[in-house]
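**Student:**
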Amino acid sequence: MELVSGNRLTALGALSAGCRFFAGYPITPSSEIYQTMVAELPRHGGLALAAPDEISAAAACVGASLGGHRAMTATSGPGFCLMIETIQYAVMTETPLVVCLVQRLGPSTGGATQGAQGDVLLAEHCVSGGVTIPVFAPAGAADCYRLVRAAFEWSERLRTPVVLLSDKEVGMTLETVDVAALENGSAPPGRRAVAPGTTRFAPYRRPCSEEPPDFAPVGGPVRVIATGSAHDGEGRLSKSSPEVIEILASLQRKIDAHAADMALAQTELAAGADTLVVSYGVSARAALEACRRVRARGRRVSFLKLETLFPVPVSALGPALEGCSRVVVVEENLTGLYAGVLEPHLGGRPLQRVTGLGGMIPPSRIEPILEEAA
Amino acid sequence: MTGDPWILPGAGPYCKGCGHPLVLRALDEALAVLALDPADVAIVTDIGCVGLADSRIGSPHTVHTMHGRSSAFASGLALADSVLGTGRLKPIVLVGDGGATIGINHLIGAALLNPDVTVVVHNNFLFGMTGGQSSALSPVDFVTATTREGNLVSPLDLARVLLASRAPFVARTVTGDRELPELLRQAIAHPGFAVVEVLELCTAYATRWNPLTGAGLRELAEQAGYELGVLRDDPRPTFAAGWLARHGRATTGRAKPATTSPARFHHDVAHATGIVLAGTAGERVQTAATLLAQAALLCGLHATQKNDNPVTQGTGFSVSELILSSEPILYTGIERPDAVLVTSADGAAELARAGVLARVGPGTLVVADAGIELPPLPVEPLRLPLRSSSGPKLAALAAVATWSRSAGMIPGAALRAAVADRFGAAAEGVAAALEPIAPAPSRPG
Ligand SMILES: Cc1ncc(C[n+]2csc(CCOP(=O)(O)OP(=O)(O)O)c2C)c(N)n1
Ligand code: SF4
């Protein structure tokens, strides 16, 4: 066992997933990821860069990834805002990229040393045109390791930017973790490469509309055309030909087609439960504790912790909802941002939001709501 | 690769007389002389008319990027290739004066980092694609779509900014210069960051509104005080060379792989125990908490340590909330503290503000420095001269040791072992803080 933070395990998980390029810009509460990557990458044969700003950091990562290298950056809300144009570029050029967004209290500079779950929709809806980018939400240090690996796996597999959404508490709190038990996974497979011997290839032509195109690195023997402008299969600038629109639609279709495989969740279901408690990230810990306390007092409640937030893990939701006549969603933001995302998937069951701002939601605030009958 | 030309023949999507295709033609000549493998060349285009060049490229890779950010993408490409890849890739950035100024931080950053990137700035003194608006490189009195009566703002001398940014190769010339292909060749051949600023015409706007001709570009340069030619050619070690010299291409993996060691000490933690430790930033409050968490770990316990401090790291309060438990810990906050340890007035004030003192119950063990004020509490605090007997930097550890003795849950031997693990040879001085402290003779009223 080691006493270790989520930020540190995010970095170690990324290294185990084959990340070899990191460009960073310091911002609380994410800086420890940056510092750990700077310390660890050289002995993994990788490269860490001190970028002059978050736009440079994200763009350098995309550049490295275009060259075929797994790349990651880490930031918090204000820096994430600066990265959005580049994240959209990664979506459009279908370039793998992992962005760790360690949330703090916003808006604006907000509270640097204060946790929050206020960026959940910002992370998801930062792409014009409505393209989904996968978002994974660790609730603790060990989750950070596991889920940053999932982030790399899907980023590579679908050639898309992926966000690992933690927060100050998940990132900076030290916890005892059996790190050795986490450390034996090999790096997930990379992007599907062009067939060997290919001389000419259309960089944006895909095997089918649910899959990303094959990959060739900039700098490799096959000529690559990458562009953030609307393009046809050859990578030629085109406005709105049917082929261009088809490519844009595929950016979403490739995500939707793999939604069920990407859906990660943990459940603690109770037989005969009338209430399902759904939570994610740091709040999931308090929610589970509240569930266990009221269960010890005879209440029947089921618990669902979502680790994949986007694409919405409907496949994980279905079985957990069975038999429940109400849903309680716990998250640390003003209005229950993710509850609004879940609402259409609840089959009309009444939804109760437990929200909070300025500190972790304690179990004692959740318990009385669970004590009420559905 | 394909046997295609470097740059495709033909006029391209530019207005008649535009400077951009002239630069492309010069680039074609330069690349032909250099005879690189096209697979090792990436043309990285910015936004604007200049960015349309990617459709004119034949055999090299092309990466069409975002407005102003081209050199940041190119830096990532070049550095990753130098350290992780072939080490042969030469990204060549084509950017306008608009892109160069919105993204000037990337140009400065690249000049400082010194990756093997060549930047060709196509300076037509205005934003071409968007309709001829002024840019930061528009000369004084220049007529543009947004300065119809002449520009009032002094132009930026971009080449000088990049000289000041220690770019090892800087050149500036005009499109009519017969030496342009040779300048581009030198820039690309240069092993690090190289920039060539080319003064050129936008015939759609600049020459329509200003008495400017191709031949007049030199005169414009003179009036603006712009020197032409190679302004610096002084190679210095690239970032990648420095990195590889320091780190090599080693792939030995993590320095200290994780190990699972069996518990070395016995504990008496019957239920999850929450301890709040508060003091002043810079006085090793969080270190003391970590030592207790490590001691718990040595006893086979689970622990969490949630730290809080103001944004600045070295002033104001510092608070650690520790939970020790034989079961995995879920919620990492402390609703009802089992112990509250306070070593300074900063810490006490923060605990009052955050409502922690209000959650002290009759079963809470409160240990406080003898010199600080506390509001009335439902328990009598244990007052000790922590600061005066251990010193401010070890007061928090002394408080932790006091808790250990009073609560009897974690043995002092485990704390001593944690101190020894952390401080090695320096442990002896630190361990003094673990010794019992005699109560102060009197305390403030
Ligand atoms: C972030 C952003 N802001 C604004 C624009 C709109 N835009 C497109 S081209 C351009 C100006 C380009 O001017 P310049 O870089 O000088 O190139 P030129 O068109 O003259 O070749 C602008 C502002 C954009 N694409 N992106
Ligand atoms: S608008 Fe100006 S910069 Fe653009 S193509 Fe025409 S002449 Fe060239």
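Protein chains in written order, with my numbering: chain P, 253 to 626; chain L, 177 to 621.
We put the beta carbon where it would ideally sit given N, CA and C, even for glycine.
Look up L/M177 in the DSSP assignment and say whether it is helix, strand or coil.
**Tutor:** Translated into the one-based positions of the second sequence, residue 177 of chain L becomes position 1. Low confidence applies here, because L/M177 scores a pLDDT of 46, under 50, leaving its location unreliable; read the following figure in that light. Coil.
**Student:** Looking at the unbroken beta strand (DSSP E) that takes in L/K266, where does it start and where does it end?
**Tutor:** Position 90 of the second sequence, counted from the first residue, corresponds to residue 266 of chain L. Note, L/K266: beta strand (DSSP E), 266-272.
**Student:** State the CB to CB distance for the pair P/L299 and L/L260, rounded to an integer number of angstroms; the pair is presumed to be in contact (CB under 8 angstroms).
**Tutor:** For the purposes of this step, residue 299 of chain P is identified with residue 47 of the first sequence, where counting begins at 1. For the purposes of this step, residue 260 of chain L is identified with residue 84 of the second sequence, where counting begins at 1. Indeed, because the Cβ distance is near 6 angstroms, the residues count as touching under 8 angstroms.
**Student:** Which residue's Cα is closest to the Cα of P/G472: P/R488, P/S493, P/R458, P/A445?
**Tutor:** Numbered from its first residue, the first sequence carries residue 472 of chain P at position 220. It is P/A445.
**Student:** Can you name the residues that DSSP bridges to P/M324?
**Tutor:** The residue given as residue 324 of chain P occupies position 72 in the first sequence. For P/M324, which the question treats as bridged, DSSP gives the partners P/F274, P/V350.
**Student:** Give the residues of chain P in contact with L/A250, contact being defined as C-beta atoms less than 7 angstroms apart.
**Tutor:** As a first step, residue 250 of chain L must be located in the second sequence, where it is residue number 74. Those are G315, listed as they occur along chain P.
**Student:** 7 angstroms is my cut-off, CB to CB: does P/R411 come that close to chain L?
**Tutor:** Translated into positions along the first sequence, residue 411 of chain P becomes position 159. So no, P/R411 is outside the interface.
**Student:** Please determine if the segment 515-528 of chain P and the segment 546-565 of chain P are in contact, where contact requires at least 3 C-beta pairs separated by less than 8 angstroms.
**Tutor:** Because the criterion of three Cβ pairs below 8 angstroms is met, the segment 515-528 of chain P and the segment 546-565 of chain P touch.
**Student:** On the three-state DSSP scale, how would you describe P/L556?
**Tutor:** Walking along the first sequence from the start, residue 556 of chain P turns up at place 304. Residue state, collapsed to three classes: strand.
**Student:** Cα separation between P/T450 and P/S438?
**Tutor:** Residue numbering aside, residue 450 of chain P sits at position 198 when the first sequence is read from its first letter. Residue numbering aside, residue 438 of chain P sits at position 186 when the first sequence is read from its first letter. Taking the straight line from one Cα to the other gives about 29 angstroms.
**Student:** Indicate the three-state DSSP secondary structure (helix, strand or coil) for P/F453 in the structure shown.
**Tutor:** Working through the first sequence from its first residue, we reach residue 453 of chain P at position 201. Coil.
**Student:** Any chance you could list the alpha helix (DSSP H) runs of at least 4 consecutive residues sitting entirely within the segment 353-440 of chain L, in chain order?
**Tutor:** As far as the segment 353-440 of chain L is concerned, its whole alpha helix (DSSP H) runs of at least 4 residues are 356-365, 382-385, 393-400, 415-423.
**Student:** Name the two residues that bound the continuous beta strand (DSSP E) containing L/H282.
**Tutor:** The count along the second sequence starts at 1 and reaches residue 282 of chain L at position 106. Careful: L/H282 lies outside any beta strand (DSSP E), inside the alpha helix (DSSP H) at 280-289.
**Student:** Give every residue of the same chain whose Cβ lies closer than 6 angstroms to the Cβ of L/G523, excluding the five residues on either side of it in the sequence, and list them in chain order.
**Tutor:** Residue 523 of chain L sits at position 347 when you count from the first residue of the second sequence. Correct list, in chain order: A454, G455, F493.
**Student:** Could you give the distance in angstroms between the alpha-carbon of L/P612 and the alpha-carbon of L/V461?
**Tutor:** In the second sequence, the residue the question calls residue 612 of chain L occupies position 436. In the second sequence, the residue the question calls residue 461 of chain L occupies position 285. Near 19 angstroms, if we compare the C-alpha coordinates of L/V461 and L/P612.
**Student:** List, in chain order, every chain L residue whose beta-carbon is nearer than 9 angstroms to that of P/A548.
**Tutor:** Within the first sequence, the letter at position 296 stands for residue 548 of chain P. Those within 9 angstroms of P/A548 in chain L number zero; the least Cβ separation is about 13 angstroms.
**Student:** Taking the beta carbon of P/I497 as the centre, do at least 16 other beta carbons fall within 10 Å, making it buried, or is it exposed?
**Tutor:** For this step, residue 497 of chain P is matched to residue 245 along the first sequence. P/I497 should be labelled exposed.
**Student:** Check whether the Cβ of P/T607 lies closer than 7 angstroms to any Cβ atom in chain L.
**Tutor:** Position 355 of the first sequence, counted from the first residue, corresponds to residue 607 of chain P. No, because no Cβ of chain L sits closer than 7 angstroms to the Cβ of P/T607.
**Student:** If you check the beta carbons only, do L/A439 and L/I499 fall under 7 angstroms apart?
**Tutor:** Residue mapping note: residue 439 of chain L aligns to position 263 of the second sequence, counting from 1. Residue mapping note: residue 499 of chain L aligns to position 323 of the second sequence, counting from 1. Their beta carbons are not under 7 angstroms apart, which means L/A439 does not touch L/I499 by this criterion.
**Student:** What is the residue span of the beta strand (DSSP E) that P/A287 lies within?
**Tutor:** Residue 287 of chain P sits at position 35 when you count from the first residue of the first sequence. Note that residue 287 of chain P is Gln in the sequence shown, not Ala. Note, P/Q287: premise wrong, no beta strand (DSSP E); alpha helix (DSSP H) at 283-292.
**Student:** Compile a chain-ordered list of the residues in the segment 231-260 of chain L whose CB is closer than 7 angstroms to at least one CB of chain P.
**Tutor:** Answer in chain order: S231, S235, H237, T238, V239, H240, T241, M242, R245, A248, F249, A250, S251, G252, L253, L255, A256, D257, V259, L260.
**Student:** Check each candidate in P/C333, P/G485, P/A572 and name the one with the smallest Cα separation from P/D466.
**Tutor:** One-based indexing of the first sequence puts residue 466 of chain P at position 214. Answer by Cα proximity: P/G485.
**Student:** With a threshold of 6 angstroms (Cβ to nearest heavy atom), would L/T379 be considered close to ligand 2?
**Tutor:** Position 203 of the second sequence holds residue 379 of chain L. Yes, Cβ of L/T379 sits closer than 6 angstroms to a heavy atom of ligand 2.
**Student:** Does the CB of P/F332 have a neighbour CB from chain L at under 7 angstroms?
**Tutor:** Here the question's residue 332 of chain P lines up with position 80 in the first sequence. It does not; no Cβ of chain L falls within 7 angstroms.
**Student:** Taking L/D204 as the reference, which of L/G531, L/L360, L/R535, L/V406 has the closest Cα?
**Tutor:** Against the second sequence, residue 204 of chain L aligns to sequence position 28. Comparing Cα positions, the closest option is L/L360.
**Student:** Quick one: is the Cβ of L/G304 within less than 6 angstroms of any heavy atom of ligand 2?
**Tutor:** Taking the second sequence and counting its residues from 1, one reaches residue 304 of chain L at position 128. For ligand 2, at least one heavy atom lies less than 6 angstroms from the Cβ of L/G304.
**Student:** Count the other CB atoms, across all protein chains shown, that sit within 10 Å of the CB of L/G621; report buried if there are 16 or more and exposed otherwise.
**Tutor:** If you number the second sequence from 1, residue 621 of chain L lands on position 445. The pLDDT assigned to L/G621 is 44, lower than 50, so where the model puts this residue is not dependable; a value taken from the coordinates is nonetheless given after this. Exposed, by the Cβ-count rule.
**Student:** Go ahead and pull the three-state DSSP assignment for P/G362.
**Tutor:** Taking the first residue of the first sequence as position 1, residue 362 of chain P is located at position 110. Three-state DSSP puts P/G362 in coil, outside helix and strand.
**Student:** Please tell me whether P/R601 has its Cβ less than 7 angstroms away from any Cβ of chain L.
**Tutor:** Working through the first sequence from its first residue, we reach residue 601 of chain P at position 349. It does not: the Cβ of P/R601 has no partner Cβ on chain L nearer than 7 angstroms.
**Student:** What's the call for L/A250, buried or exposed, on a 16-neighbour Cβ count within 10 Å?
**Tutor:** The sequence position of residue 250 of chain L within the second sequence is 74, counting from 1. Under this definition L/A250 is a buried residue.
**Student:** Would a check of beta-carbon distances place L/H298 closer than 7 angstroms to chain P?
**Tutor:** Within the second sequence, numbered from 1, the residue matching residue 298 of chain L stands at position 122. No - not a single Cβ of chain P is within 7 angstroms of the one on L/H298.
**Student:** Between the alpha carbons of L/F318 and L/C194, how many angstroms are there, rounded?
**Tutor:** On the second sequence, residue 318 of chain L is found 142 positions in, with the first residue counted as 1. On the second sequence, residue 194 of chain L is found 18 positions in, with the first residue counted as 1. Going by the C-alpha atoms only, they are around 18 angstroms apart.
**Student:** Determine the contact status of P/A478 and L/V293, defining contact as a CB-CB distance below 7 angstroms.
**Tutor:** Locating residue 478 of chain P in the first sequence gives position 226, counting from the first residue. Locating residue 293 of chain L in the second sequence gives position 117, counting from the first residue. No, these two residues do not count as a Cβ contact at 7 angstroms.
**Student:** Our contact map puts P/T347 next to P/L373 with C-beta atoms below 8 angstroms; I'd like the distance itself, whole angstroms only.
**Tutor:** As a position in the first sequence, residue 347 of chain P is number 95, starting the count at 1. As a position in the first sequence, residue 373 of chain P is number 121, starting the count at 1. Not quite, the Cβ-Cβ distance comes to about 23 angstroms (not below 8 angstroms), so this is no contact.
**Student:** Taking 6 angstroms as the cut-off, is the C-beta of L/N300 nearer than that to any heavy atom in ligand 1?
**Tutor:** For the purposes of this step, residue 300 of chain L is taken as the residue at position 124 of the second sequence. Yes, Cβ of L/N300 sits closer than 6 angstroms to a heavy atom of ligand 1.
**Student:** On the criterion of 16 or more Cβ atoms from any shown chain inside 10 Å, does L/N290 qualify as buried, or is it exposed?
**Tutor:** Taking the second sequence and counting its residues from 1, one reaches residue 290 of chain L at position 114. Burial call: buried.
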